[in-house]
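One structure below.
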Amino acid sequence: MWHPAREAFPEFMPQLSLLTPLGDVTLSEEDGAIVALDWGRGRDREETPLLRRAAAALQDYFDGADAGEGFDGLPLAPHGTPFRRRVWEALRRIPPGETRSYLDVARGVGCASARAIGGANGANPIPILIPCHRVVAADGSLGGYSGAEGQATKRYLLDLERRALRGRPLKGHLL
């Protein structure tokens, strides 16, 4: 029997779980795009070329071979309000190893409320790939993080990116 909720939330969705230093994560794909990265193991397992590519990018990221640039070419389609999607797109423009304040992001999307940015970050369905961990409080403190172990996970991800960037030769220089 057809029901509109089946189209919005399919019973079966291609998923791929992988073990990371932060524990298991599960990538989910819908209509040729990544729609979720969840903490823990998924219920469905169906590898697709896109899920394998995203998993490889995550492995490179956690191995320190990539600071997050490998996520740029992945098609992402997070479900959310138009405002939240604007915020998530702004987060994708924050370079790896750098941070922005909630207020900086708010100004960048034409919003006066840093708190609204915090709400959008907390609702981010694709953490790490949409780098909400790169958003910090105006005073430089970490602020919140809803994934895995909270602030400890946020600090780990920021440190991981900074280490990966420090280990690279400068562009244009001979070794």
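Letter by letter, the sequence shown follows residues 1 to 175 of full-length UniProt numbering.
Don't be surprised by glycine CBs; every beta carbon is placed ideally from N, CA and C.
query, result
"Serine 101 to glycine 32 span [Cα, whole Å]", "32 Å"
"Cβ-Cβ distance between glycine 64 and glycine 140 below 8 Å", "no"
"Whether alanine 120 touches arginine 93 by CB criterion (8 Å)", "no"
"Straight-line Cα distance separating alanine 152 from glutamine 15", "26 Å"
"Where the alpha helix (DSSP H) containing aspartate 38 begins and where it ends", "Here aspartate 38 belongs to no alpha helix (DSSP H); instead the beta strand (DSSP E) covers 33-39."
"Beta-bridge pairing of leucine 18 - partner residues as DSSP gives them", "Val25"
"Strand pairing of glutamate 30, partner residues [DSSP]", "Ala33"
"Candidates Ser113, Ala54, Asn124, Glu98: closest to leucine 157 by CA position", "Glu98"
"Extent of the continuous alpha helix (DSSP H) run through threonine 153", "151-166"
"C-beta contact flag for serine 28 and glycine 40 at 8 Å", "no"
"Backbone secondary structure at proline 82 - three-state DSSP", "helix"
"Span separating the alpha-carbon of phenylalanine 71 from that of arginine 134", "15 Å"
"Proximity below 8 Å, CB of leucine 91 to CB of proline 125", "no"
"Assigned secondary structure, isoleucine 126 (DSSP; H/G/I helix, E/B strand, else coil)", "coil"
"Which of helix, strand or coil DSSP assigns to arginine 115", "helix"
"Rounded separation between leucine 74 and alanine 112 - CA only", "30 Å"
"Contained alpha helix (DSSP H) runs [length at least 4] in the region 47-99, N- to C-terminal order", "49-63, 82-92"
"Sub-8 Å separation of leucine 160 and isoleucine 34 beta-carbons", "no"
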